[in-house]
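Asker:
Chains as they are written, first to last, in our numbering: chain A, 1 to 339; chain B, 1 to 589.
Here it is as structure tokens:
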């Protein structure tokens with residue numbers, strides 16, 4: 001739009017206004033709001049870069065096995081005494097890489113002090129842990145939040161009152177305290193089980209989801225409250241459509257934008273939370289996790305900084321790109337933004 | 001005695017430290033070149049009943065200044081009541097600086113602890129069968145308010161230790177309640193205030209205290225070195241639990257302020273007279289103990305050499321800083337033997353074949369375990385051959401299986417085959433403390449080691465201290481275990497504080513569930529034979545148990561590392577308690 005042109009209401013694009021009857025005008029006329037948003041996103045350089053970073057981590061997480069095999073590294077436990085300087089603070093011997101030696105292809109990221117675990121393998125599997133837990137928790141939290149928000153907003157009355165009370169009640173529970181309390185209870189119940197590791201991940205997802213759905217429920221409820229009085233919903237009601245259909249076919253498509261936005265912001269929050277809990281010793285306690293590596297690496301910040309930087313950069317890169325991407329998606333979906 | 005160290009520092013696989021108080025022991029100082037990492041052998045402690053005050057001066061010592069003591073990850077004592085003191089940290093501070101008892105240890109010239117008189121004028125007089133001990137209390141010792149300490153107050157302090165209900169974590173529960181007359185029947189002056197107790201009598205005129213025993217107790221003079229065997233103000237003045245907040249001091253220092261788990265400040269006690277005390281000094285003006293410090297932070301302070309660290313000392317050193325510290329600090333890094341042994345305890349009722357128990361010992365990756373759990377192999381942990389720590393009287397130099405047991409998976413598989421098991425057939429079930437990354441790393445090593453040695457391992461993660469599980473017979477996890485472990489330290493340098501607590505039938509810390517009538521009988525017999533023969537008898541029993549039954553796998557003897565600041569004079573350790581030698585430290589002016 002040229003700077004001189006007067007602003008027109010209802011104009012979704014930031015392209016120059018063209019005569020709808022011209023040839024050019026006909027070529028763009030068939031675009032849905034989603035397509036328009038996507039086009040905007042593609043043109044946003046930061047968003048594209050962040051998308052590539054996120055994609056990079058997703059590929060790493062999905063193909064963790066083949067990638068580690070290609071590098072010839074693994075998360076298997078090794079006896080550390082042959083790799084480490086026993087009296088030198090348990091740091092790796094020079095031939096196995098930093099901090100005392102140079103780069104080696106056997107261990108591209110070096111090996112861990114004390115245990116001689118391969119850093120690259122742990123880093124890659126840490127990315128997998130992080131992404132799996134964050135993604136599943138986001139999906140579950142979104143499902144719960146959307147369902148509750150839709151029902152509360154649309155049904156109104158005592159249902160709304162009750163569900164709003166539940167939302168408020170969950171918001172009052174301090175997340176960290178609940179997580180710290182749950183960990184020993186779960187351990188006490190399942191420690192003997194052979195599937196303890198899976199149960200631990202499953203319960204972590206549950207805890208993250210249970211304390212993560214409220215914001216999205218509130219958002220959806222608010223949107224629904226304003227939408228349900230609109231003509232198209234009234235018309236659907238008059239036509240005798242069942243509630244389920246109104247919710248799924250009429251309301252939900254109109255909520256796509258806010259839901260996508262909150263999902264894109266919830267993901268990085270969960271990635272950070274997973275690492276934070278692992279750091280506190282209550283998340284994934286066995287197996288690879290960035291938070292766990294940071295906990296082990298913090299005392300080496302001086303003597304072996306690389307060990308600490310790897311998981312730290314992993315988290316920062318992933319969370320930052322997810323956040324920026326989320327911002328970009330919000331901007332792209334918002335009809336009021338023009339850039 | 002328990003050791004108030006953080007789990008992260010003491011955890012070895014599933015083994016947390018629950019250490020008895022250091023008994024004898026001595027000194028392993030690090031050589032100046034920093035390469036002297038050999039474990040120092042040490043002799044048993046000696047006794048000197050004739051020592052009188054004042055204590056011989058330390059060369060170059062000057063008065064004045066403040067010494068700050070950092071205790072990384074160590075929460076310190078819960079109560080300062082002397083009767084409650086059974087932790088290495090609390091006892092080492094209070095016995096050296098604020099609270100006197102019947103006897104005490106002094107650091108000899110060679111670093112060996114010497115048992116010398118304290119409030120008593122000698123090491124006690126006993127009858128022929130050690131059932132009655134009489135201590136003459138010196139008359140020149142005073143409280144911090146200037147009043148003289150009377151025999152009645154000493155007797156009262158000792159009587160308090162009979163009260164196991166009021167002081168459940170005190171050492172009296174193990175010794176007073178066991179050996180003193182009517183121990184276990186008489187519940188103590190607070191639980192049974194109306195009952196008169198005849199076991200401990202005093203004579204203020206002659207200034208004597210007499211203790212009658214239920215069973216012969218030849219080690220009463222060693223037990224007298226616990227501050228629980230010291231005086232307490234009569235009546236309500238010493239009523240627990242308030243007395244534990246601000247106990248009346250009688251040593252060279254008195255308590256200025258105490259914030260539990262945070263800070264203890266001690267200042268000079270003007271009323272203490274050096275002439276009355278054969279072993280303590282009063283060099284610095286003030287002591288500041290900082291509990292629960294962060295190890296990494298303290299390491300930074302101590303290695304920086306700045307003014308904060310010059311008159312400070314730290315009671316531990318992170319293994320990641322060992323190389324730097326040993327090259328930069330020289331003899332200011334002190335390696336102190338802790339008179340402790342770490343063990344694995346295979347359940348004697350489930351793992352019945354000695355071959356399998358030995359196979360576990362050969363499947364334990366010693367050096368790798370120490371590395372992974374943050375120890376310095378050969379320095380803070382050294383290979384062990386039996387339960388009695390080096391230097392304990394009567395300890396024999398033998399190897400239960402011919403030579404020092406090291407990690408040897410082939411030998412382990414052979415032993416398993418001898419017992420009739422294929423590789424992978426025998427399952428070991430154990431717990432580990434999953435909250436601590438070091439314990440998790442250690443467990444990974446142990447699992448790998450045992451699996452390569454032909455076992456299958458089921459490691460159960462727990463979020464409470466493994467001791468809570470091992471010591472609870474009704475715990476559902478405990479019932480499934482066939483491998484446990486205990487870390488144990490001696491209370492004084494005698495086999496009686498090592499073997500019976502770990503291996504006597506139904507002893508509390510006998511997590512191996514070991515029970516052999518012949519061994520029990522021998523333990524009972526040794527307690528009754530003449531004192532001179534006991535040390536040898538314990539050593540012989542130690543060897544017999546390890547070679548005949550091998551019921552418990554000693555994995556390591558333990559050492560502590562202390563870091564002293566530049567201006568702390570006479571940087572040494574206290575071999576009796578496994579703590580810094582607080583009695584003889586001073587600030588270089």
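Where a beta carbon is used, it is the ideal one built from N, C-alpha and C, also for glycine.
Is residue 263(A) near the ligand NAP - that is, is its Cβ less than 7 Å away from at least one heavy atom of it?
Answerer: This structure lacks the ligand NAP, and indeed carries no ligand of any kind.
Asker: Output the boundary residues of the beta strand (DSSP E) element that contains residue 432(B).
Answerer: On the second chain, residue 432(B) is found 432 positions in, with the first residue counted as 1. First-last of the beta strand (DSSP E) with residue 432(B): 426-433.
Asker: What would DSSP say about residue 258(B), mapped onto helix, strand or coil?
Answerer: If you number the second chain from 1, residue 258(B) lands on position 258. Strand.
Asker: Buried or exposed: residue 298(A), going by 16 or more other Cβ atoms within 10 Å of its Cβ?
Answerer: Taking the first chain and counting its residues from 1, the one referred to as residue 298(A) is at position 298. So residue 298(A) ends up on the exposed side.
Asker: For residue 255(A), which residues of its own chain have a beta-carbon under 7 Å away from its beta-carbon, when the five flanking residues on both sides are left out?
Answerer: Here residue 255(A) corresponds to residue number 255 of the first chain, with the count starting at 1. If we look at residue 255(A) and ignore the five residues flanking it on each side, its Cβ neighbours are 220 and 223.
Asker: Using DSSP with H/G/I as helix, E/B as strand and the rest coil, what is residue 94(B)?
Answerer: Your numbering for residue 94(B) matches position 94 in the second chain. Looking at residue 94(B) - three-state DSSP - the assignment turns out to be helix.
Asker: Is the number of C-beta pairs between the segment 554-565 of chain B and the segment 310-318 of chain B that are closer than 8 Å three or more?
Answerer: With the cut-off at 8 Å, the segment 554-565 of chain B and the segment 310-318 of chain B touch.
Asker: Alpha carbon to alpha carbon, how far is residue 507(B) from residue 215(B)?
Answerer: Taking the first residue of the second chain as position 1, residue 507(B) is located at position 507. Taking the first residue of the second chain as position 1, residue 215(B) is located at position 215. Cα-Cα distance, rounded: 18 Å.
Asker: Anything in the segment 350-375 of chain B with a Cβ closer than 7 Å to a Cβ of chain A? List those residues in chain order, please.
Answerer: Result list: 365, 367, 368, 371, 372 and 374.
Asker: Who does residue 287(B) pair with in a DSSP beta bridge?
Answerer: Taking the second chain and counting its residues from 1, the one referred to as residue 287(B) is at position 287. Its beta-bridge partners are 67(B) and 266(B).
Asker: By the criterion of Cβ-Cβ separation under 8 Å, what are the contact partners of residue 262(A) in chain B?
Answerer: Counted from its first residue, the first chain places residue 262(A) at position 262. Under the 8 Å cutoff, chain B gives no residues; its nearest Cβ is about 33 Å from residue 262(A).
Asker: Can you say whether residue 128(B) is buried or exposed, counting buried as having 16 or more other CB atoms within 10 angstroms of its CB?
Answerer: As a working note, residue 128(B) is residue 128 in the second chain. Under this definition residue 128(B) is an exposed residue.
Asker: Quick check on residue 299(A) - is its C-beta less than 8 Å from some C-beta in chain B?
Answerer: In the first chain, residue 299(A) corresponds to position 299, counting from 1. Chain B contact via Cβ: present.
Asker: Can you give me the C-alpha to C-alpha distance between residue 25(B) and residue 541(B), rounded to a whole angstrom?
Answerer: Here residue 25(B) refers to the residue found at position 25 when the second chain is read from its first residue. Here residue 541(B) refers to the residue found at position 541 when the second chain is read from its first residue. Bear in mind that the predicted position of residue 25(B) carries a pLDDT of just 31, short of 50, making it unreliable; the figure below should be weighed with that in mind. Distance between the alpha carbons of residue 25(B) and residue 541(B): 20 Å.
Asker: Which same chain residues end up closer than 6 Å to residue 588(B) when comparing Cβ atoms and leaving out the 5 residues on each side of it in sequence?
Answerer: Within the second chain, numbered from 1, the residue matching residue 588(B) stands at position 588. For residue 588(B), where only same-chain residues beyond five positions count, the Cβ hits under 6 Å are 567 and 569.
Asker: Only counting runs of 3 or more residues, tell me where the beta strand (DSSP E) segments fall wholly within the segment 303-349 of chain B, in order along the chain.
Answerer: DSSP runs (the beta strand (DSSP E)) wholly in the segment 303-349 of chain B: 312-314 and 333-346.
Asker: How is residue 123(B) classed by DSSP in three states: helix, strand or coil?
Answerer: Stepping through the second chain from its first residue, residue 123(B) is reached at position 123. Coil, per DSSP.
Asker: For the segment 312-323 of chain B, list every residue whose C-beta sits within 7 Å of some C-beta in chain A, in sequence order.
Answerer: Within the segment 312-323 of chain B, the qualifying residues are 318, 319, 320, 321, 322 and 323.
Asker: Can you tell me whether DSSP reads residue 589(B) as helix, strand or coil?
Answerer: As a first step, residue 589(B) must be located in the second chain, where it is residue number 589. The answer is coil: DSSP assigns residue 589(B) none of H, G, I, E or B.
Asker: Below 7 Å on C-beta distance, what does residue 115(A) contact in chain B?
Answerer: In the first chain, residue 115(A) corresponds to position 115, counting from 1. Ordered by position in chain B, the residues that pass the 7 Å Cβ test against residue 115(A) are 372 and 441.
Asker: Closer than 7 Å between beta carbons: that is the criterion. Which residues of the segment 182-199 of chain A meet it against chain B?
Answerer: Those residues of the segment 182-199 of chain A that come within reach of chain B (Cβ to Cβ, closer than 7 Å) are 183, 184, 187, 191, 192 and 196.
Asker: So, with DSSP's three-state summary, where would you put residue 573(B)?
Answerer: For this step, residue 573(B) is matched to residue 573 along the second chain. Three-state result, residue 573(B): strand.
Asker: Any residues in the segment 72-91 of chain A with a beta carbon nearer than 7 Å to a beta carbon of chain B? Which ones, in chain order?
Answerer: The residues in question are 77, 79, 80, 81, 84, 86, 87, 88, 89 and 90.
Asker: Which chain B residues sit within Cβ distance under 9 Å of residue 295(A)?
Answerer: For the purposes of this step, residue 295(A) is identified with residue 295 of the first chain, where counting begins at 1. The answer, in chain order, is 437.
Asker: Could you pull out every residue in the same chain whose Cβ sits closer than 6 Å to the Cβ of residue 167(B), ignoring the five residues on either side in sequence?
Answerer: Counted from its first residue, the second chain places residue 167(B) at position 167. Same-chain partners within the cutoff: 83 and 84.
Asker: Compute the Euclidean distance between the alpha carbons of residue 367(B) and residue 358(B), then round it to the nearest angstrom.
Answerer: Translated into positions along the second chain, residue 367(B) becomes position 367. Translated into positions along the second chain, residue 358(B) becomes position 358. Approximately 18 Å, taken between the alpha carbons.
Asker: Please list the partners that residue 110(A) has in chain B, where partner means a Cβ-to-Cβ separation under 9 Å.
Answerer: Position 110 of the first chain, counted from the start, is the residue given in the question as residue 110(A). The premise fails here: residue 110(A) is roughly 15 Å from chain B at the closest Cβ pair, so nothing lies under 9 Å.
Asker: Taking Cβ positions only, does residue 460(B) come closer than 8 Å to chain A?
Answerer: Locating residue 460(B) in the second chain gives position 460, counting from the first residue. Residue 460(B) counts as touching chain A.
Asker: Any beta-carbon of chain B closer than 8 Å to the one on residue 222(A)?
Answerer: On the first chain, residue 222(A) is found 222 positions in, with the first residue counted as 1. No, residue 222(A) does not count as interfacial toward chain B.
Asker: Span of the alpha helix (DSSP H) holding residue 160(A)?
Answerer: Position 160 of the first chain, counted from the start, is the residue given in the question as residue 160(A). That run of the alpha helix (DSSP H) goes 157-172.
Asker: Expressed to the nearest angstrom, what Euclidean distance is found between the alpha-carbon atoms of residue 485(B) and residue 550(B)?
Answerer: Indexing the second chain from 1 puts residue 485(B) at position 485. Indexing the second chain from 1 puts residue 550(B) at position 550. Rounded to the nearest angstrom, the two C-alpha atoms are 14 Å apart.
Asker: Spatial neighbours of residue 505(B) within its chain, please: CB distance less than 6 Å, with the 5 preceding and 5 following residues excluded, ordered by chain position.
Answerer: Indexing the second chain from 1 puts residue 505(B) at position 505. Hits under 6 Å: 515 and 520.
Asker: What span of residues does the alpha helix (DSSP H) with residue 349(A) cover, start to end?
Answerer: As shown, chain A starts at 1 and ends at 339. That puts residue 349(A) outside it, with no answer to give.
Asker: Taking only three categories from DSSP, how would you classify residue 220(B)?
Answerer: Working through the second chain from its first residue, we reach residue 220(B) at position 220. Of the three classes helix, strand and coil, the one that applies to residue 220(B) here is helix, per DSSP.
Asker: Label residue 189(A) either buried or exposed according to how many other C-beta atoms from any shown protein chain fall within 10 Å of its C-beta, with 16 as the threshold for buried.
Answerer: Start at 1 with the first residue of the first chain, and residue 189(A) comes out as number 189. Exposed, because fewer than 16 other Cβ atoms sit within 10 Å of the Cβ of residue 189(A).
Asker: Return helix, strand or coil for residue 176(B), following the three-state DSSP convention.
Answerer: One-based indexing of the second chain puts residue 176(B) at position 176. Helix, per DSSP.
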